[in-house]
Every structure is written in structure tokens, then in C-alpha cells.
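Q: Here the protein sequences come in this chain order: C and V.
Just so we're aligned: the first sequence equals residues 1 to 304 in the working numbering.
Just so we're aligned: the second sequence equals residues 305 to 608 in the working numbering.
Don't be surprised by glycine CBs; every beta carbon is placed ideally from N, CA and C.
The structure that follows is given in the form of C-alpha cells.
2 protein chains.
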Amino acid sequence: VSDLSERVLSGDVRAVARAISIVEDEAPDAAALVRDVFARTGHAYLVGVTGPPGAGKSTLVDRLTAEFRATSTVGILAVDPTSPFSGGAVLGDRLRMQSHAADTGVFIRSMATRGHLGGLARATADAALVLDASGKDIVIIETVGVGQAEVDIVRTADISIVMLVPGTGDDVQALKAGIMEIADVFVVNKADRDGADRLVSAIESNLSLQTFGPGDWRPPIVKTVATTGSGVPELLTAINAFRAHSTTKQAGRHRARSEARLREIVSERLMAKVDARALAAIVDRLSAREIDPYSAADAIVAAL
Amino acid sequence: VSDLSERVLSGDVRAVARAISIVEDEAPDAAALVRDVFARTGHAYLVGVTGPPGAGKSTLVDRLTAEFRATSTVGILAVDPTSPFSGGAVLGDRLRMQSHAADTGVFIRSMATRGHLGGLARATADAALVLDASGKDIVIIETVGVGQAEVDIVRTADISIVMLVPGTGDDVQALKAGIMEIADVFVVNKADRDGADRLVSAIESNLSLQTFGPGDWRPPIVKTVATTGSGVPELLTAINAFRAHSTTKQAGRHRARSEARLREIVSERLMAKVDARALAAIVDRLSAREIDPYSAADAIVAAL
């Protein structure tokens, strides 16, 4: 592992790919790997992009990557939390990978759920650390959907970009779904379609319900047409403005993120200590309704 | 609590509402309440209904409830995992509640995420226990979306009904998203729309990729128009067929469900033992990158 870590730190592409596989598989070496590289992380800026299926996330991330490349190297993690069973990645189309294939300044990787979702959020955070340690300046975490799972993943990032598209009905749903609270920047993509202005107004009127103090960041709304690249420079400007604005606030965000990750790892470590046979025996009693789940949990905790 | 439990067991509507609030809020009394009523549960049949926003879930559940009422009492839990921040319930429209308001054989309750999602899945399971204990024959758990969160919630149920609608593009997404694996019955709602037959074919061809042995249940596809009630009796027939088919298989499902819930409660109990000040101190070091998350977790586990 420590050889692999060295190669990750030197930016070796194959080592980075291998390291991400290790954290994705929750392989035994994952913890050692993160230990090795952790002190050399904290340089990359993490950009989260989320939105409903079909919002054009891949295309936008592609365009954004091209903009970033003028000054920065870029890692992209395309995460699909809606794919709990397949083990394959729905995002990360081959075509897209090819468009940056010749560019060593861009690393693209798809990630899907393998097992529990908490695992995916953690694996994504660890994969971002690997890309950070390998020297990427920007790490884009792209995830489909607007549910709690996506929120957890987007929270890994330094900035959360929420994409919406006009006329799908998804817009209203997303606004309802509490997505307002996580967005640092809104993108209305496919802005050449009917209903784009109505969607912008809907977001605006939602924002106007919130109270912003003098020093508070008010999420801007950027209209884009990702297929043509229209609006993408403005999006980059918005990202840089947020980055400049939030340097002090980011400390709190980093801290909350660190604590959440720590709690998850501790929880997994503790659960690993539960004796599998004792657990099976008590599940038998639970299935027979001889014991209730809370008393069963007390019994297991007491046995530890 | 034990007075409340008695009233729940006698079917007192206000006690049931109060008890569900207690489990939803993860109030200290929640465990005692479940303990009290657990031995008297296991009677209700749990029906999970999931599908994308706008699929017509509320309307279908309404129609289905009317069918069930011919022979059974019904509890409905409308769960919205996409609402992590509002604390309010997006589903559970007032109108709908009114349509069954005069019927004491129906209990309807909306539930939204309060805090972490694991909490919502657990609260939903506990609320279903409360409804079960109160004597409801059928408990319908309705949830929006097709992500892992919804999958976890639907897994609480004895049967999983997946709703899709033609022409939204959601269909393909849902099929991709691994929803095939959790569906016991497919419903194609708004079946009077263009594309309904194409959607049925898409599901069929997906099913044909799977191998079904002689005794295996092959998920049927039921076409409905929930607004008119068309297809709803056929859906009831499909549910009853699955119920009759799966009595032996259900044991395994129950067991897996029991174990998952138990693990979750144990994990929460163990985490509650972590000293908050020690955790805060180590998070400080983590934020300063003086220690990596895995070593930090080891230190906390060792201190327990």
C-alpha cells in the first residue's frame, strides 16, 4: 500500500485508478491508503453537481471541465446512488470519457453503490481525497437525483451546484424537496427551452422567502445551454465568486463534513465487533417475536 | 407510555396518532412503546408502493384503499425521503385525507425525514408496527422516488409495488436504476397515455433477461388509470396472488428485515456511547489534518 500511496502522491494515473478501486470496494487496504495520503490533502476544491435524471449533468460537467482546464487540473467522480444493485455505473458514458481521454490533466471515474449507501458517500469522500492527494486542483463530484442520498454526497463538496431543467415537472418537485437549502449556485440548463424563465422565476420567488443577512451568500441562478456551452463561463464566475466569498464559512463546513465521516467510520468499526452468531441467534428470537428489537439491541450492546 | 400502548392496542385513533409522533420524533419513549406493543404485531400485511414524482401514487393508493376496505381495515404511511430539511410532509395532501376522513377503518399519516435517513426508515418501520398493533389489516407504505432511500423503506414491506408512467423518461431511468430487482408487482399508471404499451414492453424485455425457476414469482405488470379506477381490481388480484404465493418465502424476507432493523438500532446505541467532548477534540485534530479519519476512528473505538 505505501508504494501505491507514493505513486498516488506523484500523480501516477494508474495508481490513482487502483487506489479509487480500493476505497470503492471498501478493501482492507482502504484505511491504510487514506492514512498514507491524508496529510497531503486539502489542496483540491470540491465541486458538487446534482440534478434530476436528464438535466444534462454530464454535458455541463464536460463543458465546465474545459473551462477549468485553462488554469487547473480536474478530477471527476460520477456517482450514481440510484443504482443499488447493478454494481455497474449508469453515468460515465464512454463517449464522454473519450472526449478527455488524451488530456492527462483530467481524470474521470464512475462510482456506483456497492452495498449500503453510507458506503457510497464514504467511498466518494475517500476517492476525492485520492484525487486531491494526486494533485488535482478541482474535483467535480457529479451525482444524479435530488434525494437524501445525493444530498449526503453533495455535502462532501465545497460548493453545491443544483441543476434544474424547464418543463419537466422535476423543477417544482426539486424546489419542494428541500433542495433550496443545499444549493450554493442554481443552474437552469436547457435555458433555450420554453419555460426557462418561469423556472428562474420559481427559484427566485423561493429564494425571496428566505432571509439573507448582509454578509450572507445569496445563491445566483445561472442559465446555461450545456450542449452549446452557453452560460458556462458565467457559471465558472459564479463558482469563483462563491469560493472567494466563503473562505471563512468553509471552515465550519469542513468541520461538519469531517465529523460526519468520522461518525460513520466509528459506527462501522463498532458494528464489526458484534458477534455474528450471537446476532443470528437473537434475530431468530426477533423473527419469532419472542423479543422486541429494542430489547434485542440492548442485549447485543450489553454483550459487547 | 404503557397507558398509551394499551390505547394503541385497543385501536384508539388519537393514541395511534400520538404513538406515531413519538416514533417519528425518535422520542425517548419510542423504544418503550415498541417494546409494549411488539408481541401483538405481525398481523398486518405491509404493502409498499414506490414510483417517481407525478406517477399518481396518492391517487392509486386511494383507489386501492377503497378496494381493500371491502374486507379489511387500512393504515397508510405516506413517506417522503426527498424532504430532508423541511420537516414537513410533501405528500399527504389534505384533499386526500378528507376523502377517507369519515371512515374510521382508514388511518392516514404523512412522514418526512427528520434528521438522518436511517431514522426515517426506522421510524416508518415503527409506525407500521403501531398501525399493526392497533389492528389494521393492511398497512400501505407509500414513498416517492426510486433511489436507495426508497428501496430501504420499501424493503420494510411484505410486497413491493413499483409504479411507472409512460412518456416521462423516468421509465427508462427507473429500469436502469435497479428497481427491477425490488418489484414484486409493476404498475404502469396513466395507461391511457401514449407510450404505455411501449413501457410495458420495456419492462417485459427487462424481465425476460432474468431467470425465473419453476417456483419463482414472476412480477406481473398491471396497467391502471388511477384517476378512473381502471385496473385497480386487477392490481388487488395481483397483490393477493403474490401474498398467497410467497408465504414461505416471506419468512426469509421478514428475517432480513428484522436483522437490518436490529443492526441499525445497535449501531445507534453504540454511537450514543461515544463521548461528545472527546469526539469534538478529535474532530478538531481531523480538521487540522493532524490525524486521518481512520486513525481517529480507531482512537475513539479504543477509548470506549
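1) Does Val-43(C) have its Cβ less than 8 Å from a Cβ in chain V?
2) Output the distance between the C-alpha atoms of Val-188(C) and Pro-233(C), rounded to the nearest integer angstrom.
3) Which chain C residues are close to Ala-323(V), counting only those with a beta carbon under 8 Å from its beta carbon?
4) Interface residues of chain V around Arg-307(C) at Cβ under 7 Å?
5) Does Lys-57(C) come out as helix, strand or coil in the three-state DSSP assignment?
6) Determine, using beta carbons only, whether Val-29(C) comes closer than 8 Å to chain V.
7) Starting from the beta carbon of Arg-35(C), find every residue of chain V whose beta carbon is closer than 7 Å, and list them in chain order.
8) Would you call Arg-289(C) buried or exposed, if buried means 16 or more other Cβ atoms sit within 10 Å of its Cβ?
9) Assuming Ser-287(C) and Arg-559(V) are in contact, meaning their beta carbons sit under 8 Å apart, how far apart are those beta carbons, in whole angstroms?
10) Return the CA-CA distance between Met-271(C) and Ser-562(V), expressed in angstroms with no decimal places.
11) Decide if the region 360 to 379 of chain V is in contact with the region 441 to 449 of chain V; the criterion is three or more beta carbon pairs, one per stretch, under 8 Å apart.
12) Considering only the alpha carbon of each residue, which of Pro-219(C), Gly-213(C) and Asp-194(C) lies closest to Ser-205(C)?
13) Using beta carbons (cut-off 8 Å, strictly below), is Ile-265(C) in contact with chain V?
14) Please classify Thr-124(C): does DSSP put it in a helix, a strand, or coil?
15) If I measure Cβ to Cβ from Val-526(V) and keep anything under 8 Å in the same chain, skipping five residues before and after, which residues do I get?
16) Across the region 317 to 332 of chain V and the region 262 to 281 of chain C, are there enough close Cβ pairs to call them in contact, namely three or more that are closer than 8 Å?
17) Taking the straight line between their C-alpha atoms, what separation do you get for Leu-95(C) and Ile-108(C)?
18) Check the Cβ-Cβ distances between Glu-6(C) and every residue of chain V, and say whether any is below 8 Å.
19) Is it true that the region 194 to 202 of chain C meets the region 34 to 46 of chain C, where meeting means three or more beta-carbon pairs spaced less than 8 Å apart?
20) Give the residues of chain V in contact with Ala-39(C), contact being defined as C-beta atoms less than 8 Å apart.
21) Gly-439(V) to Thr-369(V), Cα distance in whole Å?
22) How would you call Asp-158(C), buried or exposed, if buried means at least 16 neighbouring beta carbons within 10 angstroms?
23) Starting from the beta carbon of His-558(V), find every residue of chain C whose beta carbon is closer than 9 Å, and list them in chain order.
24) Under 8 Å Cβ-Cβ, which residues of chain C neighbour Glu-330(V)?
25) How should Leu-77(C) be labelled, buried or exposed, when 16 other C-beta atoms within 10 angstroms of its C-beta is the threshold for buried?
26) Tell me, which residues are paired with Ile-444(V) by DSSP?
27) How big is the Cα-Cα spacing for Lys-494(V) and Thr-354(V)?
28) Pull up the CB-CB distance for Ala-44(C) and Leu-131(C), whole angstroms please, since I reckon it's below 8 Å.
29) If you count every other CB in all the chains shown that lies within 10 Å of the CB of Ser-512(V), and 16 or more means buried, which is it?
30) Ala-427(V): which of Ala-299(C), Tyr-294(C) and Gly-167(C) sits nearest, CA to CA?
31) Using the Cα positions of Leu-91(C) and Met-163(C), report the straight-line distance between them to the nearest angstrom.
32) Quick check on this structure: which residue in Val-320(V), His-549(V), Gly-471(V) and Gly-409(V) has the alpha carbon closest to the alpha carbon of Ala-506(V)?
33) I want to see whether chain C comes within less than 8 Å of Leu-566(V), judged by CB atoms only; does it?
34) Look at the alpha carbon of Ser-387(V) and the alpha carbon of Gly-519(V), and state the distance between them as a whole number of angstroms.
35) Can you tell me which of the three DSSP states Leu-164(C) falls into?
36) Asp-12(C): which of Gly-54(C), Ala-27(C), Arg-253(C) and Val-106(C) sits nearest, CA to CA?
A: Result, derived from the coordinates:
1) Translated into the one-based positions of the first sequence, residue 43(C) becomes position 43. The sequence as given places His at residue 43(C); Val does not occur at that position. Closer than 8 Å: no.
2) Within the first sequence, residue 188(C) is the residue found at index 188, counting from 1. Within the first sequence, residue 233(C) is the residue found at index 233, counting from 1. Taking the straight line joining both Cα atoms gives about 14 Å.
3) Position 19 of the second sequence holds residue 323(V). The contacting residues do not exist; Ala-323(V) stays about 14 Å from chain C at best.
4) Absent from the model: residue 307(C). The displayed extent of chain C is 1 to 304, so no value can be given.
5) The sequence position of residue 57(C) within the first sequence is 57, counting from 1. It is helical.
6) Sequence index remark: in the first sequence, residue 29(C) carries index 29 (1-based). Correcting the residue identity first, residue 29(C) is Asp in this sequence and not Val. False, the Cβ-Cβ gap to chain V never drops below 8 Å.
7) Indexing the first sequence from 1 puts residue 35(C) at position 35. In chain order: Asp-596, Tyr-598 and Ser-599.
8) As a working mapping, residue 289(C) is identified with position 289 in the first sequence. Arg-289(C) is exposed by the Cβ-count criterion.
9) Translated into positions along the first sequence, residue 287(C) becomes position 287. Translated into positions along the second sequence, residue 559(V) becomes position 255. Confirmed, Cβ separation roughly 5 Å.
10) By one-based count along the first sequence, residue 271(C) stands at place 271. By one-based count along the second sequence, residue 562(V) stands at place 258. If you take the alpha carbons of Met-271(C) and Ser-562(V), they lie about 16 Å apart.
11) yes
12) Here residue 205(C) refers to the residue found at position 205 when the first sequence is read from its first residue. When each option's Cα is compared against that of Ser-205(C), the closest is Pro-219(C).
13) To locate residue 265(C), count along the first sequence from 1; it is residue 265. Yes, Ile-265(C) counts as interfacial toward chain V.
14) Indexing the first sequence from 1 puts residue 124(C) at position 124. Thr-124(C): helix per DSSP, three-state reduction.
15) The sequence position of residue 526(V) within the second sequence is 222, counting from 1. Closer than 8 Å at the Cβ level, and outside the excluded window around Val-526(V), lie Val-489, Phe-490, Val-491, Val-492, Gly-535, Glu-538, Leu-539 and Ala-542.
16) no
17) If you number the first sequence from 1, residue 95(C) lands on position 95. If you number the first sequence from 1, residue 108(C) lands on position 108. Any reading at Leu-95(C) needs caution, since the residue's pLDDT is 47, under 50, leaving its predicted position unreliable; the model's value is listed next. Their backbone Cα atoms lie some 12 Å apart in a straight line.
18) Translated into the one-based positions of the first sequence, residue 6(C) becomes position 6. Taking Cβ atoms only, chain V never reaches closer than 8 Å to Glu-6(C), which makes this a no.
19) no
20) As a working note, residue 39(C) is residue 39 in the first sequence. Result: Arg-593 and Asp-596.
21) By 1-based counting over the second sequence, the position of residue 439(V) is 135. By 1-based counting over the second sequence, the position of residue 369(V) is 65. Distance between the alpha carbons of Gly-439(V) and Thr-369(V) is about 16 Å.
22) Taking the first residue of the first sequence as 1, we reach residue 158(C) at position 158. So Asp-158(C) counts as buried.
23) In the second sequence, the residue the question calls residue 558(V) occupies position 254. Within 9 Å Cβ-Cβ: Ser-287.
24) The residue labelled residue 330(V) in the question sits at position 26 within the second sequence. Simply none; closest approach about 12 Å.
25) Here the question's residue 77(C) lines up with position 77 in the first sequence. Buried is the call here.
26) Taking the second sequence and counting its residues from 1, one reaches residue 444(V) at position 140. Beta-bridge pairing links Ile-444(V) to Val-351(V) and Ile-380(V).
27) Against the second sequence, residue 494(V) aligns to sequence position 190. Against the second sequence, residue 354(V) aligns to sequence position 50. Going by the C-alpha atoms only, they are around 15 Å apart.
28) Taking the first sequence and counting its residues from 1, the one referred to as residue 44(C) is at position 44. Taking the first sequence and counting its residues from 1, the one referred to as residue 131(C) is at position 131. Contact holds; Cβ gap of about 6 Å.
29) Your numbering for residue 512(V) matches position 208 in the second sequence. It counts as exposed.
30) Here residue 427(V) refers to the residue found at position 123 when the second sequence is read from its first residue. It is Tyr-294(C) whose Cα lies nearest to the Cα of Ala-427(V).
31) Translated into the one-based positions of the first sequence, residue 91(C) becomes position 91. Translated into the one-based positions of the first sequence, residue 163(C) becomes position 163. Confidence at Leu-91(C) is low in this model, with a pLDDT of 40, below 50, so its placement is unreliable and the value that follows should be read with caution. So the two alpha carbons sit approximately 16 Å from each other.
32) The residue given as residue 506(V) occupies position 202 in the second sequence. The residue with the shortest Cα to Cα distance from Ala-506(V) is Gly-471(V).
33) Here residue 566(V) refers to the residue found at position 262 of the second sequence. Closer than 8 Å to some Cβ of chain C, the Cβ of Leu-566(V) qualifies, so yes.
34) Residue numbering aside, residue 387(V) sits at position 83 when the second sequence is read from its first letter. Residue numbering aside, residue 519(V) sits at position 215 when the second sequence is read from its first letter. Model confidence at Ser-387(V) stands at a pLDDT of 46, short of 50, so the residue's coordinates are unreliable; what they give is reported in the following sentence. Cα to Cα, the separation comes out at about 40 Å.
35) Counting from one through the first sequence, the residue named residue 164(C) turns up at place 164. Strand at Leu-164(C).
36) Translated into the one-based positions of the first sequence, residue 12(C) becomes position 12. The residue with the shortest Cα to Cα distance from Asp-12(C) is Val-106(C).
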